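Q: Residues 158 to 293 (our numbering) make up the sequence shown, in order. All C-beta atoms in this analysis are idealised placements derived from N, C-alpha and C, irrespective of residue type, glycine included. The structure presented is a predicted model; accordingly, all values stated were derived computationally and were not measured.
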Amino acid sequence: MEAWAAAYPAIDFAARRGWLLDRLERMEAEGARILVAEVEGSPAGFVTVAPDGWIDQMLVGLAAQGSGVAAALMAAAKAASPSGLDLDVNADNARAIAFYRRAGFVTTGHRLNEQGRPVDLMAWRPEPPALRLRPS
Numbered sequence: 158m159e160a161w162a163a164a165y166p167a168i169d170f171a172a173r174r175g176w177l178l179d180r181l182e183r184m185e186a187e188g189a190r191i192l193v194a195e196v197e198g199s200p201a202g203f204v205t206v207a208p209d210g211w212i213d214q215m216l217v218g219l220a221a222q223g224s225g226v227a228a229a230l231m232a233a234a235k236a237a238s239p240s241g242l243d244l245d246v247n248a249d250n251a252r253a254i255a256f257y258r259r260a261g262f263v264t265t266g267h268r269l270n271e272q273g274r275p276v277d278l279m280a281w282r283p284e285p286p287a288l289r290l291r292p293s
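In structure tokens form, the structure reads like this:
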């Protein structure tokens, strides 16, 4: 949670810990996969992938940022939902948006979240297979 707190210092993420744990438990009960990355036996980050390809949460700890953990988590998320992924991200989170763009996501829309903050809707779809022409 320290990574979230660093990105949004005005939000008390320690107070939201119970909410997050309840949300993760509910998502798992609804069939979401919670993929966890470890570095030297300690959790370094996680991503949730719902059966419909929705990423509800993704977090990489501060110590693991820039180390490839986020890319590994995204690769695992794509493998878990090979037909595509969708997510929303706070519109002011430039670092996350840049990461998602590098991972092949495109912005598909905008909305306000439950707190009235602007978010970008983003999607990733796999590249279509290359067209193969047979000689006639």
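Between the C-alpha atoms of Glu187 and Ala207, what's the straight-line distance to the nearest angstrom?
A: Between Glu187 and Ala207, the C-alpha separation is close to 8 Å.
Q: Looking at Leu230 and Met279, is the spacing between their C-beta atoms short of 8 Å?
A: For Met279 and Leu230, no; Cβs fall outside 8 Å.
Q: Distance, Cα to Cα, Arg180 vs Gly266?
A: Whole-angstrom Cα-Cα distance: 24 Å.
Q: How far does the alpha helix (DSSP H) with Asp179 in it reach, from first residue to last?
A: Counting along the chain, the alpha helix (DSSP H) containing Asp179 begins and ends at Arg174 to Ala186.
Q: Measure the CB-CB distance between Val246 and Val226 and report whether it falls below 8 Å.
A: For Val246 and Val226, no; Cβs fall outside 8 Å.
Q: Could you check what DSSP says for Phe262 in three-state terms: helix, strand or coil?
A: Three-state DSSP puts Phe262 in coil, outside helix and strand.
Q: In chain order, what residues of the same chain have a beta carbon less than 7 Å from the beta carbon of Arg173, not counting five sequence neighbours either side?
A: No residues qualify anywhere along the chain.
Q: If you draw a straight line from the alpha carbon of Trp176 to that of Ala232, how long is it in whole angstroms?
A: Going from the Cα of Trp176 to the Cα of Ala232 covers about 27 Å.
Q: Check each candidate in Met184, Ile191, Ala221 and Arg183 and name the one with the smallest Cα separation from Gly198.
A: Among Met184, Ile191, Ala221 and Arg183, the Cα nearest to that of Gly198 is on Ala221.
Q: Grouping DSSP H, G and I as helix and E and B as strand, with all else coil, what is Arg268?
A: If DSSP states are grouped into helix, strand and coil, Arg268 belongs with the strands.
Q: To the nearest angstrom, how far is the alpha carbon of Leu178 from that of Leu288?
A: If you take the alpha carbons of Leu178 and Leu288, they lie about 45 Å apart.
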